[in-house]
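Engineer: Quick one: structure below, then a few questions.
In the UniProt record's numbering, the protein residues as written are 1 to 382.
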């Protein structure tokens with residue numbers, strides 16, 4: 001059995017059994033140490049997904065809607081001075097549903113309905129759109145025109161997908177925004193199902209085709225919300241149901257992106273779901289559904305760094321991740337209350353000590369030798 005140098009991860013040479021070919025430059029799964037390295041964001045969290053050049057300026061009209069996680073995108077960019085025209089009352093009179101209810105359109109069917117309605121004047125045959133308190137959102141022409149005006153202005157659509165479980169009207173086949181309200185529920189025609197990967201891809205393809213037809217130069221960023229299901233209507237545990245629901249979305253988006261990306265398409269995937277789920281150990285508050293603010297803040301800073309002009313410096317981005325990881329470990333050690341109790345002075349002291357530890361490691365002979373091996377491999381391509 002031969003031993004083969006496969007590459008370098010975090011300054012350490014990776015050696016494996018030479019029985020299997022892993023390609024010229026395999027990307028290794030991060031260890032705990034990996035998440036403390038200076039280039040962790042570019043190497044592990046954002047690699048391969050970011051645009052070649054930032055393109056979102058303070059004047060770029062942005063429409064952001066979809067699942068509840070979409071509001072985090074809208075709120076952050078609006079506070080940073082970017083032109084999120086679907087945020088708050090910036091649509092004029094605020095009658096567009098993507099302004100009123102933009103974070104409540106939690107699946108691809110609901111999102112597609114808005115594009116069909118705005119641009120093609122196609123509306124469902126039955127009442128499907130209801131708000132958080134089961135209030136009915138009708139197919140009002142004024143609201144449609146307000147939505148169309150937003151879409152006609154947008155140079156960037158940020159679309160956040162939330163779940164794959166849907167309720168639908170069996171007679172028409174049309175899908176509710178959410179579950180049907182109790183007062184109108186009809187067991188003979190209102191049914192539940194899981195919207196599978198092929199259906200999700202078809203919806204994404206139609207959304208993409210509509211954007212290309214009506215806003216051919218606009219860009220689309222797809223994201224997936226990390227927020228889990230509150231409950232499932234399947235007769236399985238909600239943890240398993242949520243895993244399936246997210247896997248369908250992530251797989252469908254990946255397939256659709258690969259089939260469309262690289263053809264001059266202006267289509268992007270922002271890995272918010274991936275970063276929240278796998279870049280932290282204690283990302284959830286006590287209800288295990290809502291994400292801590294420092295994790296959300298880091299997530300949005302990644303977007304600003306890579307997508308926006310003037311954007312955010314790498315130094316500020318890296319500092320944001322170090323701070324978030326510091327709080328992440330504090331939660332794991334002391335519980336949820338640690339975030340509230342930790343003083344800024346303590347945060348600064350722990351952060352300074354971590355920086356000194358990283359600096360010591362980078363001066364070690366093992367680290368320097370690994371870097372040399374990696375440079376030789378890149379130079380001679382072996």
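All residues carry an ideal CB built from backbone N, CA and C; glycine is no exception.
1. Would you identify the three-state DSSP class for residue 332, choosing helix, strand or coil?
2. Tell me whether the beta-carbon of residue 181 lies closer than 8 Å to the beta-carbon of residue 109.
3. So what does residue 269 bridge to, in DSSP terms?
4. Let me know the secondary structure DSSP gives residue 42 once reduced to three states.
5. What are the start and end residues of the beta strand (DSSP E) that includes residue 215?
6. Should residue 188 be labelled buried (16 or more other beta-carbon atoms within 10 Å of its own) or exposed?
7. Could you tell me whether the Cβ atoms of residue 178 and residue 104 are closer together than 8 Å?
8. Mind listing, in chain order, the continuous beta strand (DSSP E) runs of no fewer than 3 residues lying wholly within the region 130-198?
9. Would you say residue 385 and residue 76 are within 8 Å of each other, going by their C-beta atoms?
10. Are the beta-carbon atoms of residue 309 and residue 64 separated by less than 8 Å?
11. Determine the direct distance from the alpha carbon of residue 285 to that of residue 243, and round the result to whole angstroms.
12. Whose C-beta lies closer than 7 Å to the C-beta of residue 41 among residues of the same chain, with five residues either side of it excluded?
13. Let me make sure I understand the geometry here. Which of 231, 196, 265 has the alpha-carbon closest to that of residue 402?
14. Tell me the DSSP secondary structure of residue 102 in three-state form.
15. Between residue 294 and residue 170, what straight-line distance do the alpha-carbon atoms span, to the nearest angstrom?
16. Can you give me the start and stop residues for the alpha helix (DSSP H) that residue 311 sits inside?
17. Among 287, 228, 281, which has the Cα closest to the Cα of residue 67?
18. Nearest CA to the CA of residue 167: which residue from 202, 128, 203?
19. Return the Cβ separation of residue 256 and residue 201 in integer angstroms, given the expectation that the two are a contact with Cβ distance under 8 Å.
20. Compare the Cα-Cα distances from residue 44 to each of 192, 334, 29, 52 and report the closest residue.
21. Drop a sphere of 10 angstroms on the beta-carbon of residue 121, count the other beta-carbons inside from all chains shown, and report buried for 16 or more, exposed for fewer.
22. Sort out for me which residues DSSP pairs residue 62 with in a bridge.
23. For residue 236, name the three-state secondary structure that DSSP assigns.
24. Would the beta-carbon of residue 97 fall within 8 Å of that of residue 143?
25. Relative to the C-alpha of residue 151, which residue among 369, 217, 118, 234 is closest?
26. Are residue 112 and residue 245 close, meaning C-beta to C-beta below 8 Å?
27. Can you give the Cα-Cα distance for residue 148 and residue 220, rounded to whole angstroms?
28. Report, in whole angstroms, the separation of the C-beta atoms of residue 272 and residue 216, which I expect to be a contact under 8 Å.
29. What would DSSP say about residue 284, mapped onto helix, strand or coil?
30. Going by DSSP in three states, residue 73 sits in which element: helix, strand or coil?
31. Name the residue from 37, 114, 323 whose alpha carbon lies nearest to the alpha carbon of residue 211.
32. Roughly how many angstroms lie between the CA atoms of residue 213 and residue 73, to the nearest whole one?
33. Determine the direct distance from the alpha carbon of residue 239 to that of residue 288, and round the result to whole angstroms.
34. Should residue 372 go down as buried or exposed, given a rule of 16 or more other Cβ atoms within 10 Å for buried?
35. Buried or exposed: where does residue 283 fall if 16 or more other Cβ atoms within 10 Å of its Cβ makes it buried?
36. Less than 8 Å between the CB atoms is what I'm expecting for residue 233 and residue 185, so what's the real figure, rounded?
Structural biologist: On the basis of the data shown:
1. helix
2. No; because the gap between Cβ atoms is not below 8 Å, this pair is not in contact.
3. 222
4. helix
5. Run containing residue 215: none; DSSP gives neither H nor E here.
6. exposed
7. yes
8. Scanning the region 130-198 for uninterrupted beta strand (DSSP E) segments of 3 residues or longer gives 156-161, 165-169, 190-194, listed from N- to C-terminal end.
9. Outside the displayed range of the chain (1 to 382) lies residue 385, so it cannot be described from this structure.
10. Contact flag unset, no.
11. 19 Å
12. 302, 317, 318, 321
13. One cannot answer for residue 402 here, as it falls past the ends of the chain, which runs 1 to 382.
14. coil
15. 43 Å
16. Counting along the chain, residue 311 falls outside any alpha helix (DSSP H), and DSSP gives it neither H nor E.
17. The shortest Cα separation from residue 67 among 287, 228, 281 belongs to 228.
18. 128
19. 5 Å
20. 29
21. exposed
22. Paired residues: 84, 156.
23. Here residue 236 sits in coil by DSSP.
24. yes
25. 118
26. A distance of 8 Å or more separates the beta carbons of residue 112 and residue 245.
27. 17 Å
28. That belief does not hold up - the Cβ atoms of residue 272 and residue 216 are roughly 26 Å apart, past 8 Å.
29. strand
30. DSSP places residue 73 in helix when its eight states are reduced to three.
31. 114
32. 26 Å
33. 11 Å
34. Exposed is the call here.
35. buried
36. Actually they do not touch by this definition, with Cβ atoms about 12 Å apart.
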